[in-house]
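Peer 1:
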Amino acid sequence: MKKIVTIVGARPQFIKVAPVSRVLRQSFQEVLVHTGQHYDHKMAGVFFEQLNIPQPDYNLGVGSANHGAQTGEMIIKIEEVLLKEEPDAVLVYGDTNSTLAAAIAASKLHIPIFHIEAGLRSFNRVMPEEINRVLTDHVSSLLFAPTEVAVKNLATEGTSSGVHNVGDVMYDAVIYNAKIAQENHKIEDFGINEEFILATIHRAENTDDPERLKAIFMSLNKLSKKVILPLHPRTEKKLKEQGIFDLVENSTTIKIIEPAPYLEMLFLESNASAIVTDSGGVQKEAYFAKVPCFTLRDQTEWVETVNVGWNTLVNPIKDDLKELVDSYEEKPYVEGLYGDGKASEKIVEYIKNFL
Ligand code: UD1
Ligand code: UDP
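Take 250 as the starting number for the sequence shown in the working numbering and just add one per residue.
As structure tokens, this is what we get:
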């Protein structure tokens, strides 16, 4: 049996690995490496438990640091694993520092790289994720694009060999889990008995800019409904550093909760009257749940959601979030923007052919 080393490290990657791993392990030996980029139980362990992801064969325990130190330590440790395991290929997901570290380590050892969620672009090189995606795509042998837009982005950069539009593995995950999430939760479990807006904020461009961070939390406080905010540890840290944690702590509008496990998150998403976020994954999940999304960013990689009118880009400083949420009028729903929910099967078929 051919051997594939899968390398993940951050919350959205655990969610993506679950559906793919289930199919991949029917035909390949998978060695799962967790870099330890996310390490709190609520950011990592809970997803392995809830989504029945096999325990990692290696946990590199890298943890938090500046980009250079974090990525560098990952490269060193991933290289050691790859030298020992001698896999036929390395599988990576998305655009985090764990993705880039794996791509650098594997490419220098001449191990083919398969990239899931290839070809996404914000065209904003200030985002660390944009650098991670571009570099990873350019050393990958198989590039699994979730959309035609992603395929075109790659073609524009001169990459068309090995590119396949398979749809989005997050849709596979939603299809598998949405019903389980609805059946096992009640809104009262979250201490809510009214209509609410779900919000998540963690993107560096928002949390690391004090003016934007303050503007975001001022505008969340002005919204007309209760705001449920599963608080990312990065954002909590930044709010405290800026001395503005009282904007959530003493708010009568915002109710902070711990980062939610995936099924709880899916439940909250589908029961929210609107979603305000800067997350990549949550933008798509809002569309899957048919809930209007307001994205606190100047660009998105998931342009299809904006084009069909279910996602609105909001500049937290210049735009009036409350006005945009209150005046939103639902658009006709366009099905199938992210494939047919069988991305994982297609990916594994292409991998079989390649190897
Ligand atoms: C990372 C990814 C981002 C992704 C996000 C998903 C990079 C450059 N960024 O951002 O693309 O959208 O994950 O959530 O790879 N922290 C904890 N506990 C944890 C993890 C982090 O307290 O388990 C805190 C630490 O203070 C840390 C900060 O969060 O310094 C940021 O963590 P890091 O993994 O560097 O980046 P994210 O903002 O989580
Ligand atoms: N998510 C979760 N609990 C939370 C926030 C997000 O389970 O409290 C899930 C969300 O449903 C989606 C994924 O995490 O599947 C998105 O990850 P995140 O927002 O951390 O990163 P991004 O997608 O922006 O890289």
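Here a beta-carbon is modelled for each residue, glycine too, at the ideal position from N, C-alpha and C.
This one's a predicted model, so the numbers in the text were calculated from it and none came from an experiment.
So if DSSP puts residue 479 in a beta bridge, which residue, or which two residues, is it bridged to?
Peer 2: Along the sequence shown, one-based indexing puts residue 479 at 230. Beta-bridge pairing links residue 479 to 506.
Peer 1: Taking just the CA atoms, how far does residue 563 sit from residue 547?
Peer 2: Position 298 of the sequence shown, counted from the first residue, corresponds to residue 547. Position 314 of the sequence shown, counted from the first residue, corresponds to residue 563. Roughly 7 Å separates the two Cα atoms.
Peer 1: Run through the DSSP bridge pairs and tell me what residue 307 is partnered with.
Peer 2: Within the sequence shown, residue 307 is the residue found at index 58, counting from 1. Paired residue(s): 282.
Peer 1: To which residues of the same chain is residue 491 closer than 8 Å at the C-beta, ignoring the five residues directly before and after it?
Peer 2: If you number the sequence shown from 1, residue 491 lands on position 242. Cβ neighbours of residue 491 beyond the five flanking positions: 459, 462 and 463.
Peer 1: Got a sec? Which residues, its chain only, sit under 8 Å from residue 506 by beta carbon, not counting five neighbours each side?
Peer 2: Position 257 of the sequence shown holds residue 506. Within the same chain, residue 506 has close Cβ partners 439, 477, 478, 479 and 480.
Peer 1: Confirm, please, whether the CB-CB distance from residue 396 to residue 364 is below 9 Å.
Peer 2: For the purposes of this step, residue 364 is taken as residue 115 along the sequence shown, with counting starting at 1. For the purposes of this step, residue 396 is taken as residue 147 along the sequence shown, with counting starting at 1. Going by C-beta atoms, residue 364 is not nearer than 9 Å to residue 396.
Peer 1: Our contact map puts residue 573 next to residue 521 with C-beta atoms below 8 Å; I'd like the distance itself, whole angstroms only.
Peer 2: The residue given as residue 573 occupies position 324 in the sequence shown. The residue given as residue 521 occupies position 272 in the sequence shown. At roughly 16 Å, the Cβ-Cβ gap does not stay under 8 Å, so residue 573 and residue 521 are not in contact.
Peer 1: Using 8 Å as the cut-off, classify the Cβ of residue 548 as near or not near the heavy atoms of the ligand UD1, replying yes or no.
Peer 2: Indexing the sequence shown from 1 puts residue 548 at position 299. Flag unset: Cβ of residue 548 not near the ligand UD1.
Peer 1: From 591, 413, 393 and 368, pick the residue whose C-alpha is nearest to that of residue 382; which is it?
Peer 2: By 1-based counting over the sequence shown, the position of residue 382 is 133. It is 368.
Peer 1: Can you name the residues that DSSP bridges to residue 414?
Peer 2: To locate residue 414, count along the sequence shown from 1; it is residue 165. Per DSSP, 394.
Peer 1: For the candidate residues 358, 294, 597 and 570, whose alpha-carbon lies nearest to that of residue 325?
Peer 2: In the sequence shown, residue 325 corresponds to position 76, counting from 1. Nearest C-alpha to residue 325: 358.
Peer 1: Between residue 497 and the rest of its own chain, which residues show a CB-CB distance below 6 Å, the 5 nearest in sequence each way excluded?
Peer 2: If you number the sequence shown from 1, residue 497 lands on position 248. Taken in chain order, the residues that qualify are 503 and 505.
Peer 1: Have a look at 269, 278 and 420 and flag the residue whose alpha-carbon is nearest the alpha-carbon of residue 537.
Peer 2: Translated into positions along the sequence shown, residue 537 becomes position 288. Here the closest residue by C-alpha is 420.
Peer 1: Under 8 Å by Cβ, that's how I've got residue 451 and residue 528 pegged, so tell me the actual separation to the nearest angstrom.
Peer 2: The residue you call residue 451 lines up with position 202 of the sequence shown. The residue you call residue 528 lines up with position 279 of the sequence shown. That belief holds up - the Cβ atoms of residue 451 and residue 528 are roughly 7 Å apart, short of 8 Å.
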